[in-house]
C-alpha cells in the first residue's frame, strides 16, 4: 500500500466519522443502515468472496447477533456490550457446529443447505419463550443515532481491515486456494476443513455484531425480521455488485446500491422495486464480475468491456 | 536393508464395482527416480492419489519413513513432505503465477513458511528453477499447456517435499520441452528428493528412471531395471497384445 492510499483513506474516514455532526437526521439514519449493510457484505465477502462458498446462512448470524443483544438486555437486564458478546458467541458456536457439516457441500448444494438454515432458525426461535416466541422482543430505547453511526462505522473499519489482512496473510492465501481449487489446496498442505470453518465463523462474527447494533438501534425484533432471507440476498448482491474477493468491492457495492435504492424510493415511490430490479439485471449482464473488475480492466478495453460481457451471456 | 522412504503395501482401491488398483505393493528409496508406466486406465493416477491422500485405499497400507500414514489426511501428508502434481492441471486460475507457487511455500512441508514476503521469494526461486521465471506476474490461467505443466512442478517443489509425485508432467509436450522437463526432474533428484514419475513417453522414462514399475488393469505386472522391464514379455503383451504364433 502506498502512502497516498493511506492518506486518502484517512481523510475519507475522518470525513465519514464527522458526518453525524453536520448531516441531517435522515442522512445519519441512511448512513447507519448503509454502514451495517456494508459490514454484512464485507462479512459475506470472507466466506463467499474469498473462500468461494456462497453462503445464504449469513442472515442466521445476523439474527443470532440481534437476539443475543435482545435477550441479554430485555430478559437478563445486561448492558449492551454484554449482549453483543453473547450474540457473537451464539454465532460462532453456530458456525463451528453447523459449518463443519454444511461446508462439506459445494456449490449449489451449499447454498441450498444454508438457505434452509435461516428457515429452520425462524421456526426454532418462534418457539423459544426466552426469545419472545413469535411476538418478538422490545428493547429499551436509546435515542442516540450518533453513537450507532460511529459504532457501525468502527465495525466496518474493523471488518475491512480483517479482509485487508486476508490478502496479505497465510490464512487468506489458504482461503483463496480453497476457492480456486479445493483438492489442489489440500495436497499443498491447506487444512481445508479447519480453514473453511474459521472463515465461516469470521463471517459470522461480523454479521452478528451488525445484527446486535441494528437490534438496539431499531429497538424491536421478531423472528421474521431477524432471520430475513432477503437480507442475505441483499448482502450477496452488494458484495457481488462491488466485486467479490476484493477489499473495497463490498463497501462500494453497499454504498452505491443503497444510494440507488434510496433515490428510487423517493423518486418513483411505488415502483422503486421494479427499477431496482432493472439496475441489478443490468449490472449482472454488463459487469458480472463487479465494479472492481471494471476498474481493473476498462482502461484496457474501453466500452467493449460491456459488449464482451453481453456476448459471454449469449444474449 | 534400510527402510524405504515410501512404501505401499497390498493397496487395493475399488470404485463401486471397478477395481482400479488391486493388491499393489512397491517401495520408493531415498534419492530414487521410480517410473510408473502402464496402458490407459491401468490405475496409475489412482495409485498416486492413494499416496498423496486424495483417495483412501479400500485395503492395504501406505508407509512414509517407516510409519503408516494410511489414515492421515492429504494436507498433513503434504506437511510430512509428500508433494504431487496433477495430470489435469489444477492451477489457482485467479492468482498470479507467483502466488500460485507461494501457496506451496506458505503451507507445504513442516507447515510451511508463515511470512508471505519470504514465501514469495522462495516461490520466485522455484519458478526460476523450472524455467518460468519470466511469467511470475501473469495470471495462472493465461499460461499455455506446457507452462501449466511446469507451474504444477513449481507448486509442488515450493512445498520443499521429500517425495515428488509427478502425474504425466510430460504429456502433450514436444521433444525439446520433454528434454527440458527431464533435466528439471534430474536436478530435483540431485537435491535429494525422491521422485515417482507417471509417464507415457517410454523413451523419456526409460532414460530417466532408476527403476520401472508397470501397472496393467490395476495390478503390478513388473518391477525392476528399465531395460529388463521393457523386454519383459508380459509388459510387451500388455502394451501391444499377444504375438500370433
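Residue numbers (the numbering used here), protein chains in the order written: chain A, 1 to 315; chain D, 316 to 560. Quick reminder that beta carbons are idealized off the backbone N, C-alpha and C, glycines included.
Inset, instruction - Determine which residues of the region 403 to 418 of chain D have a Cβ less than 8 Å from any Cβ of chain A, and write them out in chain order. - result: 405, 406, 407, 408, 409, 410, 414, 417 and 418
Legend entry - residue 188 of chain A: contacting residues in chain D (beta-carbon distance under 7 Å): 393, 418, 419, 422, 423, 470 and 474
Inset, instruction - Tell me whether residue 478 of chain D sits in a helix, a strand or coil according to DSSP, three-state version. - result: strand
Legend entry - residue 367 of chain D - containing alpha helix (DSSP H), residue span: 359 to 367
Inset, instruction - Consider the Cβ of residue 330 of chain D: report whether some Cβ of chain A lies at a distance smaller than 8 Å. - result: no
Inset, instruction - Indicate whether at least one CB of chain D lies closer than 8 Å to the CB of residue 300 of chain A. - result: no
Inset, instruction - To the nearest angstrom, report how far apart residue 374 of chain D and residue 528 of chain D are at their CA atoms. - result: 20 Å
Inset, instruction - Could you tell me whether the Cβ atoms of residue 484 of chain D and residue 320 of chain D are closer together than 8 Å? - result: no
Legend entry - Span separating the alpha-carbon of residue 513 of chain D from that of residue 102 of chain A: 36 Å
Legend entry - Length-filtered (4 minimum) alpha helix (DSSP H) runs lying within the region 404 to 469 of chain D: 412 to 421 and 431 to 445
Legend entry - Member of A:20, A:14 and A:225 whose CA lies at the smallest distance from the CA of residue 136 of chain A: A:225
Inset, instruction - Figure out for me which residue from D:414, D:348 and D:394 has the closest Cα to the Cα of residue 186 of chain A. - result: Between residue 186 of chain A and the set D:414, D:348 and D:394, the nearest pair of CA atoms involves D:394.
Inset, instruction - Determine which residues of the region 164 to 193 of chain A have a Cβ less than 8 Å from any Cβ of chain D, and write them out in chain order. - result: 168, 169, 170, 173, 174, 176, 177, 179, 180, 181, 183, 184, 185, 186, 187, 188, 189, 190, 191 and 192
Inset, instruction - Give a yes or no on whether the minimum CB-CB distance between residue 335 of chain D and chain A is below 8 Å. - result: no
Legend entry - Any chain A beta carbon closer than 8 Å to residue 548 of chain D: no
Inset, instruction - With a floor of 4 residues, list each alpha helix (DSSP H) that falls wholly inside the region 101 to 139 of chain A, ordered by position along the chain. - result: Runs of the alpha helix (DSSP H) lying entirely within the region 101 to 139 of chain A and spanning at least 4 residues, in chain order: 107 to 125.
Inset, instruction - Name the residue from D:385, D:459 and D:348 whose alpha carbon lies nearest to the alpha carbon of residue 598 of chain D. - result: Chain D is shown from 316 up to 560; residue 598 of chain D falls before or after that span and cannot be answered.
Legend entry - Contact set between residue 446 of chain D and chain A, taken where Cβ atoms lie within less than 9 Å: Residues of chain A with a Cβ closer than 9 Å to the Cβ of residue 446 of chain D do not exist; the shortest Cβ-Cβ separation is about 21 Å.
Inset, instruction - Taking only beta-carbon positions, decide if residue 372 of chain D is within less than 8 Å of chain C. - result: The structure shown contains no chain C; its protein chains are A and D.
Inset, instruction - Could you tell me which of A:259, A:204, A:133 and A:310 sits nearest to residue 281 of chain A, measuring between CA atoms? - result: A:310
Inset, instruction - Since I believe residue 417 of chain D is in contact with residue 388 of chain A (beta carbons under 8 Å), could you give me their beta-carbon distance rounded to a whole number of angstroms? - result: This structure gives no information on residue 388 of chain A, because the portion of chain A shown stretches from 1 to 315.
Inset, instruction - Use the C-beta contact count for residue 7 of chain A: other C-beta atoms within 10 angstroms, 16 or more gives buried, fewer gives exposed. - result: exposed
Legend entry - Cross-chain neighbours of residue 509 of chain D in chain A, by beta carbon under 7 Å: Within chain A, not a single residue places a beta-carbon under 7 Å from that of residue 509 of chain D; the smallest gap is close to 17 Å.
Legend entry - 7 Å Cβ cut-off: residues of chain A touching residue 399 of chain D: Neighbours of residue 399 of chain D in chain A, taken as residues whose beta carbon is under 7 Å from its own, are 187 in chain order.
Inset, instruction - Using only alpha-carbon positions, find the residue among D:517, D:362 and D:385 that is nearest to residue 490 of chain D. - result: Of D:517, D:362 and D:385, the residue nearest in Cα terms is D:517.
Inset, instruction - Would you give the residue range spanned by the beta strand (DSSP E) that residue 327 of chain D belongs to? - result: 321 to 330
Legend entry - Residues in the region 357 to 388 of chain D having any Cβ partner in chain A nearer than 8 Å: 367, 368, 369 and 388
Inset, instruction - Apply the 10 Å Cβ neighbour rule to residue 15 of chain A and answer buried if 16 or more other Cβ atoms are within range, or exposed otherwise. - result: exposed
Inset, instruction - Enumerate, from N- to C-terminal direction, the unbroken alpha helix (DSSP H) stretches of 4 or more residues contained entirely within the region 218 to 254 of chain A. - result: 223 to 226 and 229 to 242
Inset, instruction - Let me know the secondary structure DSSP gives residue 167 of chain A once reduced to three states. - result: coil
Legend entry - Whether residue 472 of chain D touches residue 170 of chain A by CB criterion (8 Å): no
Legend entry - Short CB-CB distance (under 8 Å) between residue 351 of chain D and chain A: no
Inset, instruction - Take residue 398 of chain D and list the residues in its own chain whose beta-carbon comes closer than 6 Å to its own, dropping the five residues that flank it on each side. - result: 471, 474, 476 and 479
Inset, instruction - Consult DSSP for residue 559 of chain D and reduce its assignment to one of helix, strand or coil. - result: coil
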